[in-house]
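Student:
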Amino acid sequence: MMIPYIKAMMLKKVYLEITNICNLHCAFCPGTGRKAHMLSLEEFSLLAEKTRPHAQYLYFHLMGEPLLHPLLGEFLEIAGELGFQVMITTNGTLLGERGDLLCASPALLKVNISLQSFEANNTGALGAYLDTCIAFAEKANAAGKRCEFRLWNRNGLESLNPEIEARLAAAFPKPWKKSREGWKLRENLWLEPGERFDWPELEGDDRGERCFCYGLRDQAGVLCDGTVVPCCLDHEGDIPLGNLFEQSLEEILESKRAREIRNAFSERRAVEELCRRCGYARRF
């Protein structure tokens with residue numbers, strides 16, 4: 238039975254890491270030194286159920302490639318039964334194998350395809366990779382799903398962008414309409430260019446406390462071991478707020494550490510060492 242939308246939500250979205258395993262090693266991604274893990278059906282069910290009262294959107298990633306998970310279909314079904322709208326970010330390499338599954342899921346709202354992943358790995362043929370991604374976008378579009386091609390690679394990995402954009406223009410003829418996301422290629426389909434940003438690392442440069450972030454204001458992350466973190470960029474769990482296998486999400490979000498982080502961001506301050514070293518937060 239569909240759980241009704243709950244107005245008194247503490248967040249808008251939760252990043253639930255269904256696996257921290259990836260099939261690529263992208264130069265722009267820090268990866269993780271955490272123990273490799275894929276959520277079991279029981280683990281996903283428990284974490285999703287505990288998350289549902291506090292968020293409407295569920296993202297199937299934080300680290301890792303979500304399309305690698307053999308239980309992806311079951312997870313989408315559970316999320317739909319709970320009333321979630323699901324977002325997935327993928328490197329696109331498995332869309333030929335898992336695309337039909339995604340398009341058939343009523344719970345799936347949007348798929349983000351990180352096209353910069355190809356140049357970061359330089360494996361295979363660019364044309365074949367783009368053909369797979371474009372074919373999926375066509376299917377997703379026909380199924381009423383939202384789809385976004387991402388090129389978050391300015392300042393380092395953008396040499397193939399002209400070729401990528403030319404192939405997109407051949408598949409989705411211009412003129413494209415300028416939008417908040419970047420370029421609207423057609424209804425429910427976008428190309429979003431962007432700058433390559435520095436992931437926060439405790440060993441990184443201290444950028445000062447002056448910053449703002451939506452962490453714990455409209456989002457939180459749940460790592461595949463159940464650790465709750467403030468945002469989707471805490472890839473090593475450096476700011477553990479609690480464990481969702483052992484606690485409720487409300488208890489975790491109302492903890493002293495979580496409240497201090499949230500209140501400080503309201504004052505445009507970063508109180509955590511990791512947040513002081515985050516390049517993405519400076520966008521805000």
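To get the working numbering, take the position in the sequence shown, counting from 1, and add 237.
No residue lacks a Cβ here, since even glycine has one placed at the ideal position from N, Cα and C.
Could you give the distance in angstroms between the alpha-carbon of residue 474 and the alpha-carbon of residue 338?
Tutor: 31 Å
Student: Are residue 452 and residue 299 touching if we call contact CB-CB under 7 Å?
Tutor: no
Student: Which ranges does the alpha helix (DSSP H) cover as unbroken runs of at least 4 residues, wholly within the stretch 297-354, from first to last along the chain?
Tutor: Runs found: 309-318, 332-341.
Student: Please report how far the alpha carbon of residue 284 lies from the alpha carbon of residue 257, in whole angstroms.
Tutor: Cα-Cα distance, rounded: 16 Å.
Student: For residue 314 and residue 517, what's the separation of their Cα atoms in angstroms?
Tutor: 33 Å
Student: Apart from the five residues on each side of it in sequence, which residues of its chain come closer than 6 Å, Cβ to Cβ, to residue 239?
Tutor: Confidence at residue 239 is low in this model, with a pLDDT of 41, below 50, so its placement is unreliable and the value that follows should be read with caution. Closer than 6 Å at the Cβ level, and outside the excluded window around residue 239, lie 320.
Student: Counting only the same chain and skipping the five closest in sequence on each side, list residues whose C-beta sits under 7 Å from that of residue 436.
Tutor: Sequence-distant Cβ neighbours of residue 436 in its own chain, meaning closer than 7 Å and more than five residues away, are 267, 470, 472.
Student: Let me know if residue 479 comes out buried or exposed under the rule of 16 or more other beta-carbons within 10 Å of its beta-carbon.
Tutor: Counting other Cβ atoms within 10 Å of its Cβ, residue 479 reaches 16 or more and is therefore classed as buried.
Student: Taking 7 Å as the cut-off, decide whether the C-beta atoms of residue 377 and residue 384 are in contact.
Tutor: yes
Student: Take the Cβ of residue 504 as the centre, count every other Cβ of all protein chains shown within 10 Å, and call the residue buried at 16 or more, exposed below.
Tutor: exposed
Student: Between 263, 513, 423, which has its C-alpha nearest residue 390's C-alpha?
Tutor: 263
Student: Between residue 352 and residue 386, is the Cβ-Cβ spacing less than 7 Å?
Tutor: yes
Student: Looking at C-alpha atoms only, which residue of 304, 413, 426 is the closest neighbour of residue 255?
Tutor: 304
Student: Measure the C-alpha to C-alpha separation of residue 375 and residue 381 and round it to an integer number of angstroms.
Tutor: 10 Å
Student: In the DSSP assignment, find the beta strand (DSSP E) that holds residue 416 and state where it starts and stops.
Tutor: 414-416
Student: Using alpha carbons as the reference points, say which of 271, 515, 502 lies closest to residue 439.
Tutor: 515
Student: Check whether the Cβ atoms of residue 309 and residue 253 sit closer than 7 Å, and answer yes or no.
Tutor: Contact flag unset, no.
Student: Classify residue 245 as helix, strand or coil using the three-state DSSP reduction.
Tutor: In this prediction, residue 245 has a pLDDT of 38, which is less than 50 and means its spatial position is unreliable; what the coordinates show is noted afterwards. DSSP places residue 245 in coil when its eight states are reduced to three.
Student: Which parts of the stretch 457-517 are runs of the alpha helix (DSSP H), unbroken and 4 residues or longer, counting only runs that do not cross its ends?
Tutor: 486-490, 493-503, 510-513
Student: Can you give me the C-alpha to C-alpha distance between residue 249 and residue 288, rounded to a whole angstrom?
Tutor: 11 Å
Student: Cα separation between residue 441 and residue 450?
Tutor: 18 Å
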